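Down below is the structure, laid out as structure tokens.
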Amino acid sequence: MKPLPKECNILEIEMKWQKRWEEMGIYQFDWNDAERPVFSIDTPPPYPSGDFHMGNALNHTYFDILARYKRMRGYNVLFPQGFDCHGLPTEVETEEHYNIRKTDVPPDEFVKLCNTLVDKYIDIMRRAIKRLGCSIDWTTEYQTRDPDYWRKTQLSFILLYKKGYIYQGTHPINWCPRCETAIADAEVEHQSKSGILHTVQFPTEDSTHISIATTRPELFSSCVAVAVHSEDDRYRQLVGKTARVPTTNRQVKIITDELVDPKFGTGIVMICTYGDKADVKAVKSRRLPVIMSIDEKGKMTQKAGKYAGMPVEEARKAVVADLEQQNLLEKTETLQQEVGTCWRCHTPIEILETKQWFMKTLQLTPKVEKTADEIRWYPDYMRARLVDWARSLDWDWVISRQRVFATPIPIWYCEECDEVILAEEDWTPIDPRIEAPRMDKCPKCGHGKFAPETDVLDTWFDSSITCAVHAGWPEREDWKHRFPADVHPSGTDIIRTWAYYLMVRHLALFEQTPYKSCLINGMVLGNDGRMMHKSLGNYVATPDVFNKYGADASRQWAAAGGTTGSDIPFRWPDVEYSWRFLIKLWNAARFASHHLRDYSPQEGVPKLELLDRWLLSNLERVTVNVTAALDSCQFNTAVEEVRNFTWHQLCDQYIEAIKHRLYTADKYGDARKKAAQHTLYTAIYRVLQLLAPVAPHLTEEIYQHLYAGDMQPKSIHTSRWPVPDVEKIDEEAEKYGALITAFIKEVRRDKSERRIPLNKPITKLTVYAGSKKSEHILNQALEDITGTCKTERMQILPEKGEGRRVEEYPNVQFKAEY
Ligand SMILES: [Zn+2]
Ligand SMILES: [Zn+2]
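Mapping of the sequence shown onto the numbering used here: position 240 corresponds to residue 660, and the numbering continues sequentially without gaps.
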């Protein structure tokens, strides 16, 4: 037992333990342990953005509470950490930072520039994760840009290719003209933008005209039909006739389409390749021609005639000017419309038809639904998000990207016969852009010249195999012992990407769910109630919070901020409250450390007083509740339970009520002192344990001072979680204790309201218990009441009487005389 110092320097304590824990190696997963059950966490490798924001602090707190809890429950916890390095954001930032485009420098030089940025950002994020006190096993760290990880990503591609899940095809895909790459549905954001609706006349064959409303007149060169709803009586006679598309000489058919909304514009719309997904459906179902008049850079193609070479916006203006000149523009009006934009650069996307690589994901939807149903979700209602997303998809997953900083697709083409050459599994990692296939001649035609696939893989293709990779796939033969992951933690914003892609990839590769449960965190809101974001001015940087109140207080804010899965606001007062709680705990432990110096746990359990039994029973109840809450990932409930018990029952009530026993053993007897010491020793240790997953640093510091000398575990975090025991709950003691503590609290409140010092004796305290029962209860704790209230004479009467009422027990009243 080492007394705690008066000053609690939380920041210093946190840094010290972060360093020591790593030296002690207590978070290392034991790959050879055959005894303990494994608990594996599929830590999502964060994207190295260089910014570890409060949202990261929230989700990392969730994972870490779970990791620490399960470790104390006796599991061999696999808590890995990777970084998902590739991708568009880094490329875009590199382009901006160096003021270049990806094509301005050779690809390897561009990758080098990207890597420099990623190095810097990973370093920032790694430090922030450590600063939050995460119990990561850093020996597992991986980066998806490493050749070793490339090998895994490419191997998974090869395996899926062989299983028939990968195909190359010319299909409509979402395209960002600024980033010049295909993007998946999950990467398209929908923004409300104001646009202009043009009502334009299309001359018809009977020398009249029809009027069509469109926001995109520049797509006239791609118009392949005009459509009306089949039940729209206004236009019934037109169906089957033709109309001429303005600014072109093309005649197109007037057809019916059930997707046309008769109330939108004039009720007649044009179908072009492609204005939106409805166009894609119409073109496909009616086998209409495809005329691409926008290219990959967002400029008009030769198909656009005189507008060729113009950027889309410019072409739109030019077409409108021509329509006006030809008297074909009837009217214009502004309207709010939903526009699909690139998730990275917010440029409006185009739907282009290009040759891309796809993974057959649509056919997996029934399996995704079934699996989502079988796994456990925290909270349960999040299951629907995954299922709804899978059902909403119209297209297979486009996995090729026309970018540079990514895992290469392990494919070549025979220059003679176009045969696709797939890399052998043992060629990986390989970069076809640099290396030729390891064969002399084309297996089909015998020629020996090959062209590389220059497209690269979507970053999600890297990060969607982590459940298998964390388990040790493919190099550890026993990887299935750690697969599926016990939990995949995810944010509400990435269910449609992370949770979904993991699911389809592992189902396709291994015919198994990747994770047994999914733990969802909400988003962090700023003080204005909106999502916290740098651009909104409601942003709080993580270091500001860590440096002011420390990691343990920040973690408490995250855990206690709301129910699991809900969005939680960031509020400074919540963090400050958490910090004050830690100081309260410190002071209680410090008090104990002084009064337990002559106590030894070897002495066994002494005879306990009523208030001791009251506290220990409540402690057991809290243990049961906290354990149940952590088992079901209700972190806020767990924190509230421990905090309420510690702050109110332990500190405000119990410690105050035993001071006389500890200070004046000569008056109240050594047995009562021992009983108080035993209870205090037991309760503080238990509180430290229950709180250790949430506030790992301070609980460790107190443990080391008060308990490490008596106990085996070298750290609170390797101590065994207390087994909750309902048998130990003593309802009578709880009920009696509640009355006694309420009574003491009221007497003390009376003193302070009358401005009488708490230590000033009451010469006579007359208690009207209001019933025989209450009289009996109060008599059970006579010494603790007189000792705590400092009464010289006390009389407890069973009858009702006049006096100050005890708040929660209005029948109990008292009169204090000084
Ligand atoms: Zn973009
Ligand atoms: Zn060939």
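The beta-carbon is built from N, C-alpha and C at its ideal position, and this holds for glycine as well.
Since this is a predicted model, take the numbers as computed values, not measurements.
- Following the DSSP letters along the chain, one finds R1225 in no alpha helix (DSSP H) but inside the beta strand (DSSP E) bounded by residues R1224 to V1226.
- In the three-state DSSP reduction, A735 falls in the helix class (H, G or I).
- If you check the C-beta of E873 against ligand 2, you find no heavy atom less than 7 Å away.
- A1012 is positioned such that its CB atom lies closer than 8 Å to that of L1100.
- By the criterion of a C-beta distance shorter than 7 Å, S884 is surrounded in its chain by Y921, L922 and R925, once the five residues flanking it on both sides are discounted.
- Judged by DSSP secondary structure, F1163 falls outside any beta strand (DSSP E) and instead within the alpha helix (DSSP H) spanning E1151 to E1173.
- If you ignore the 5 residues before and after R1033, its C-beta comes within less than 6 Å of the C-beta of D1150 and A1153, all in its own chain and listed in chain order.
- Under the Cβ criterion (8 Å, minimum of three pairs), the segment 1026-1043 counts as touching the segment 1083-1094.
- Sequence-distant Cβ neighbours of Y482 in its own chain, meaning closer than 8 Å and more than five residues away, are P909, L939, N941, A978, A979, T984, C1053 and F1055.
- L922 sits in a helix when the DSSP states are folded into three classes.
- At least one heavy atom of ligand 2 lies closer than 7 Å to the C-beta of H867.
- Sorting S576, D504 and G760 by C-alpha distance to the C-alpha of P597 places G760 at the top.
- Relative to ligand 1, the nearest heavy atom lies less than 7 Å away from the CB of R598.
- Counting C-beta pairs with one atom in each stretch, the segment 942-956 and the segment 803-816 have fewer than three that are closer than 8 Å, which means they do not touch.
- Ranked by Cα distance from D626, the options T1183, G660 and L617 are led by G660.
- A Cβ-Cβ separation of about 5 Å places S642 in contact with S713 under the 8 Å criterion.
- In this structure, ligand 1 has a non-hydrogen atom nearer than 7 Å to the beta-carbon of R764.
- If you look at L1039, you'll find it in the alpha helix (DSSP H) that goes L1030 to D1051.
- Fewer than three pairs of CB atoms, one per stretch, sit closer than 8 Å, so the segment 1057-1067 makes no contact with the segment 1152-1166.
- Under the three-state reduction of DSSP, V620 is assigned to strand.
- Here S650 is exposed: its Cβ has fewer than 16 other Cβ atoms, across all protein chains shown, within 10 Å.
- The residue from Y489, G507 and Y997 with its alpha-carbon nearest to that of P828 is G507.
- Looking at the DSSP output, L755 bridges to G615.
- Cβ atoms of C887 and D557 stay farther apart than 8 Å, at about 16 Å.
- CA-CA distance, E513 to K422, rounds to 53 Å.
- One alpha carbon belongs to S631, the other to F778, and they sit about 39 Å apart.
- Between W763 and E607, the C-beta gap is smaller than 8 Å, which places the two residues in contact.
- For S650, DSSP records no beta bridge to any residue.
- Looking at the backbone, the Cα of E1203 and that of F1001 are separated by about 30 Å.
- Excluding five sequence positions before and after Q611, the CB atoms of its chain that fall closer than 6 Å to its own CB belong to V759 and T761, given in chain order.
- For N1007, the enclosing alpha helix (DSSP H) begins and ends at W992 to H1015.
- Of the residues assessed, H1196 falls on the exposed side of the cut-off, its CB having fewer than 16 other CB atoms within 10 angstroms.
- Counting only runs of at least 3 residues, the segment 851-938 fully encloses the following beta strand (DSSP E) elements, listed from N- to C-terminal order: 870-872 and 908-911.
- Taking a 10 Å sphere around the C-beta of N1038, we find 16 or more other C-beta atoms and assign the residue as buried.
- In the assembly as shown, K572 is a buried residue. Its beta-carbon has 16 or more other beta-carbons within 10 Å.
- Around W797, the same chain offers R803 and C938 as residues with beta carbons nearer than 6 Å, after the five sequence neighbours per side are excluded.
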